[in-house]
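Working notes for the structure below.
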Amino acid sequence: MKLANLRSVTKLLLARMQFAGLALLLVGACSSDPESTIVSETAGSADGIGSDGIGATSLDGSSLSATDIAGSSGPGSQQDFELNVGDRVFFELDSASLNTEAQQVLDSQSSWLLTYPNVTVTIEGHTDERGTNDYNLALGDRRAIAVKDYLVALGVQPSRILTISYGEERPVDPAHDDVAWALNRRAVTVVNVVN
Amino acid sequence: MANSPLLISRRQALGAAAAVVACSALPQTSFGQLRVDIDRGLIEPMPIAISPFGSASPSLAGLGQRITDVVAADLAGSGLFRILDPAGYLQSSADLAAGPKFSDWRQINAEAVLGGSVEPEVSGRVAISFRLWDVLRGEQIAGIRFSAADAEWRRIGHKIADAVYERLTGDQGYFDTKVVYVSETGAATSRIKRLAIMDYDGANHRFLTDGRDLVLTPRIAPDGIRVAYLAYRDGRARVYMTDLRTERDTLLGDFPGMSFSPRFSPDGRQMLLTIARDGNSDIYRLDLGSRQMERLTTGLAIDTSPSYAPDVRDIVFNSDRGGSPQLYIMNAAGGETKRISFGEGRYGSPAWSPRGDLIAFTKIKGGFFHIGVMRPDGGDERLLTRSFLDENPTWSPNGRIVMFGREDPTTNTQRIRTIEITGRNERLISTPLDASDPDWSALLP
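As you go down the protein sequences, you meet chains X and L in turn. Under the numbering used here, the first sequence has 16 at position 17, and the numbering climbs by one with no breaks. Take any residue in the second sequence, note its place counting from 1, add 220, and you have its number in the numbering used here.
Written as structure tokens, this is what we have:
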């Protein structure tokens, strides 16, 4: 099935990011060359400012912020969750329906969450770029809530689950093709706190 | 060369926000018939001469030329005027100040001639005046004298161009306006977005946020002072409003769930916005004075991207209640809702024209994004553009031009463009970085 392929691609992508173990820090362009951007990778907090005073931003709260939780690779950690459970599910165009594969991933997520009752998560709803910004914000919210509702139905306390929609703002694959769009139509469960 | 003694007849204050600029109408001999018919399908641009604005004070000559350049760029950019090459002008601008020699202007086939001057005033201000003549009829048809701080020279140039445009087309101009938009840098997977504001032509560019927070959908109030936008702060996505004079930033309200898609009412007193609650996005109206909130849509569908009709009676919005994203109109008082988009494809981001006659929208069909317009009853749908990704149309205050964002997937660039509702005269707006989601102000007060 196509989605199975997508999942393995995603896992590869995530594994690569985790290998780096880094938070991406993007620094604004130098004023002498406004079209260029400097992309640097740095560990730890990402509060740098570009040399020209243009603000930089960490990726806190985005799907990539998973990698911000340094050194947490044991049971109950973000890394444990991503590698052994699967942190994301995928959707069809304009849809927030959970297909069989998505339900299997969420079944595993709920078991894991019930095993580690101190963990809270944020579910991030995302869309592809093939829609307007406003509509995609609404659709991303609908996807995040669909995942939350499913987990809650399986016994996870609603108070442990926050949701946020990023619409089309945080693609995991920047390409402009069907494969990228399928990867980007996702809801990602991010571990917030490990007590 | 001196200012004509005729110049000052009537002083008008232009309101508190624009107290820096005062202007007065210059007397006209009579009304001429010279007119560009902008409703015709294909337009032959009107040939017009713009004589460089001179000055008796040598230190102001450069300023006069810069103002002249702004006026010429505005009028040429409208696509309605062809600016004749100044090298061919037979009458000098110094001579023109004493009155046009119409035979000289007829000889180069100018239908109208514009001249003006910049002179010092007390306390570091300048007096900028212009006169517009109908060459064929041999008479003055417009003239205004402005008093302004010299730093305001661009605005004065735009105001002169607006006056000329209005006199020669019979329609309101759109040059003395601002645009707020999202400036973008960085990788697509972690884009840095900042709010920015600029003149409609890209000049006077200024960033409003520093890029720490993800920001989206800036919308400028009719007063040109307040900007509402969506920001991701403190782990939540909510609508904020910033005051451009004080640079004070306030959370619009601590609503449950995500708030997004803000849009001011035409009088600036109310805000339409979308609130997502329990997976359901609905449209609300917030009274900015009393802070009273009113829910306008219900049901499990996505309802978002509201935009008021200029008469405030109706609201056009985007909904997937019929199974796919389409455009709907509802009565602003509540009740009656009807679908207006029936073409093939998915629709979004509707924007009601300030004239009331058309609704601009984004349409996604057959792998392309289009900017289009239709009547409020859904009739006469016309697609103005087609590209990989065009979206978020916003109107010029006269309802003649649509500005929108375009993403080019081959160069991975995003730019703001304008196009006339006739589908002609597509133009790029220059921005320092990538640019998306523009919102075009009303004519500034």
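We put the CB at the ideal spot given by N, CA and C, even for glycine. The model shown is predicted, which means the values in this text are computed figures rather than measured ones.
Flag this pair as touching only if the segment 527-538 of chain L and the segment 565-574 of chain L have three or more C-beta atom pairs under 8 Å; answer yes or no.
yes
C-beta neighbour in chain L for L150/X, strict 8 Å:
Along the first sequence, read from residue 1 onward, the residue named residue 150/X stands at position 151. No, L150/X lies away from the interface with chain L (no Cβ there is under 8 Å from its Cβ).
Note down the Cα distance separating A101/X from F89/X, rounded to an integer number of angstroms.
As a working mapping, residue 101/X is identified with position 102 in the first sequence. As a working mapping, residue 89/X is identified with position 90 in the first sequence. Their Cα atoms are separated by approximately 7 Å.
Looking only at C-alpha atoms, which of R559/L, R515/L and D354/L sits nearest to A552/L?
Your numbering for residue 552/L matches position 332 in the second sequence. Closest by alpha carbon: R515/L.
Cutoff 8 Å: I144/X Cβ touching any chain L Cβ:
The residue you call residue 144/X lines up with position 145 of the first sequence. Taking Cβ atoms only, chain L reaches closer than 8 Å to I144/X, which makes this a yes.
Anything in the segment 302-329 of chain L with a Cβ closer than 7 Å to a Cβ of chain X? List those residues in chain order, please.
none
When burial is assigned at 16 or more other CB atoms within 10 Å of the CB, is D86/X buried or exposed?
Within the first sequence, numbered from 1, the residue matching residue 86/X stands at position 87. By the 10 Å Cβ count, D86/X comes out buried.
Between the CA atoms of P652/L and V84/X - distance to the nearest angstrom
Here residue 84/X refers to the residue found at position 85 when the first sequence is read from its first residue. Here residue 652/L refers to the residue found at position 432 when the second sequence is read from its first residue. Their Cα atoms are separated by approximately 44 Å.
Backbone secondary structure at E91/X - three-state DSSP
The residue labelled residue 91/X in the question sits at position 92 within the first sequence. Reduced to three states, the DSSP call for E91/X is coil.
Under 8 Å Cβ to Cβ from P629/L, same chain only, skipping five residues before and after it: list those, please.
The count along the second sequence starts at 1 and reaches residue 629/L at position 409. Same-chain partners within the cutoff: F608 and L609.
Are the C-beta of N424/L and some C-beta of chain X separated by less than 8 Å?
Your numbering for residue 424/L matches position 204 in the second sequence. Among the CB atoms of chain X, none fall inside 8 Å of the CB of N424/L.
Please determine, among N632/L, G335/L, A383/L and R439/L, the residue with the shortest C-alpha to C-alpha distance to P482/L.
Position 262 of the second sequence, counted from the first residue, corresponds to residue 482/L. For the residues N632/L, G335/L, A383/L and R439/L, the minimum Cα distance to P482/L belongs to R439/L.
Of the residues R635/L, V346/L and R620/L, which one's Cα is nearest the Cα of R626/L?
In the second sequence, the residue the question calls residue 626/L occupies position 406. The candidate whose alpha carbon is nearest that of R626/L is R635/L.
Taking C-alpha atoms, which residue in P320/L, G477/L, I348/L and M266/L lies nearest to A368/L?
By 1-based counting over the second sequence, the position of residue 368/L is 148. The shortest Cα separation from A368/L among P320/L, G477/L, I348/L and M266/L belongs to I348/L.
Straight-line gap, S539/L to D523/L (C-alpha atoms, nearest Å):
Here residue 539/L corresponds to residue number 319 of the second sequence, with the count starting at 1. Here residue 523/L corresponds to residue number 303 of the second sequence, with the count starting at 1. S539/L and D523/L have their alpha carbons spaced roughly 4 Å apart.
Given a limit of 8 Å on CB to CB distance, which residues of the segment 377-401 of chain L reach chain X?
none
Spatial neighbours of L310/L in its chain, beta-carbon cut-off 8 Å, leaving aside the 5 residues before and after
Taking the second sequence and counting its residues from 1, the one referred to as residue 310/L is at position 90. So the qualifying residues of the chain are K321, D324, W325, Q327 and I328.
Report the three-state DSSP secondary structure of G166/X (helix, strand or coil).
Counting from 1 along the first sequence, the entry for residue 166/X is found at position 167. Of the three classes helix, strand and coil, the one that applies to G166/X here is strand, per DSSP.
Thinking C-alpha only, which one of S656/L, D657/L and L648/L is nearest S298/L?
Taking the second sequence and counting its residues from 1, the one referred to as residue 298/L is at position 78. Cα-wise, what sits closest to S298/L is L648/L.
Could you check which residue in F395/L, G363/L and G643/L has the C-alpha nearest to that of A293/L?
Within the second sequence, numbered from 1, the residue matching residue 293/L stands at position 73. That would be F395/L, whose Cα lies nearest to the Cα of A293/L.
Establish whether the CB of G73/X and some CB of chain L are separated by less than 8 Å.
Within the first sequence, residue 73/X is the residue found at index 74, counting from 1. So, not an interface residue.
Taking C-beta pairs closer than 8 Å, name the residues in chain X that D498/L reaches, listed in chain order.
Taking the first residue of the second sequence as position 1, residue 498/L is located at position 278. What D498/L touches in chain X: I144.
Run through DSSP, which three-state label would F273/L get?
Walking along the second sequence from the start, residue 273/L turns up at place 53. Here F273/L sits in coil by DSSP.
What three-state label does DSSP hand T114/X in the structure shown?
Translated into positions along the first sequence, residue 114/X becomes position 115. If DSSP states are grouped into helix, strand and coil, T114/X belongs with the helices.
Coarse secondary structure for G124/X, derived from DSSP in three states
Counted from its first residue, the first sequence places residue 124/X at position 125. Three-state result, G124/X: strand.
Indicate the three-state DSSP secondary structure (helix, strand or coil) for S35/X in the structure shown.
On the first sequence, residue 35/X is found 36 positions in, with the first residue counted as 1. Residue placement at S35/X is poorly supported in this model, since its pLDDT is 35, which falls under 50; the coordinates still yield a value, given next. Coil at S35/X, not helix or strand.
With a cut-off of 8 Å on the beta carbons, I'd call L434/L and A416/L a contact; round off their distance for me.
In the second sequence, the residue the question calls residue 434/L occupies position 214. In the second sequence, the residue the question calls residue 416/L occupies position 196. 15 Å between Cβ atoms; not a contact.
Hey, out of S275/L, H378/L, A371/L and K583/L, whose CA is closest to D289/L's CA?
In the second sequence, counting from the first residue as 1, residue 289/L sits at position 69. Out of S275/L, H378/L, A371/L and K583/L, H378/L has the C-alpha closest to the C-alpha of D289/L.
Cβ neighbour criterion (16 or more within 10 Å) applied to G599/L
One-based indexing of the second sequence puts residue 599/L at position 379. The residue is exposed, with fewer than 16 neighbouring Cβ atoms inside 10 Å.
Can you look up H175/X in the DSSP assignment and give me helix, strand or coil?
Taking the first residue of the first sequence as position 1, residue 175/X is located at position 176. Coil at H175/X, not helix or strand.
So if I threshold CB-CB distances at 9 Å, which residues from the segment 557-580 of chain L count as touching chain X?
R566, Y567, G568 and S569
Measuring only the C-alpha atoms, how far is L436/L from P658/L?
As a working mapping, residue 436/L is identified with position 216 in the second sequence. As a working mapping, residue 658/L is identified with position 438 in the second sequence. One C-alpha to the other measures close to 10 Å.
The alpha helix (DSSP H) that contains V290/L, what's its start and end?
Numbered from 1 along the second sequence, position 70 holds the residue referred to as residue 290/L. First-last of the alpha helix (DSSP H) with V290/L: A281 to G297.
Where does L516/L sit, in a helix, a strand or coil, going by DSSP?
Taking the first residue of the second sequence as 1, we reach residue 516/L at position 296. L516/L falls in the coil class under three-state DSSP.
Closest Cβ-Cβ distance between A186/X and chain L: below 8 Å?
The residue labelled residue 186/X in the question sits at position 187 within the first sequence. No, A186/X lies away from the interface with chain L (no Cβ there is under 8 Å from its Cβ).
Could you tell me whether any Cβ in chain X is nearer than 8 Å to the Cβ of D616/L?
The residue you call residue 616/L lines up with position 396 of the second sequence. Checking the sequence shown, residue 616/L turns out to be Ser, not Asp. No, its Cβ sits nowhere closer than 8 Å to a Cβ of chain X.
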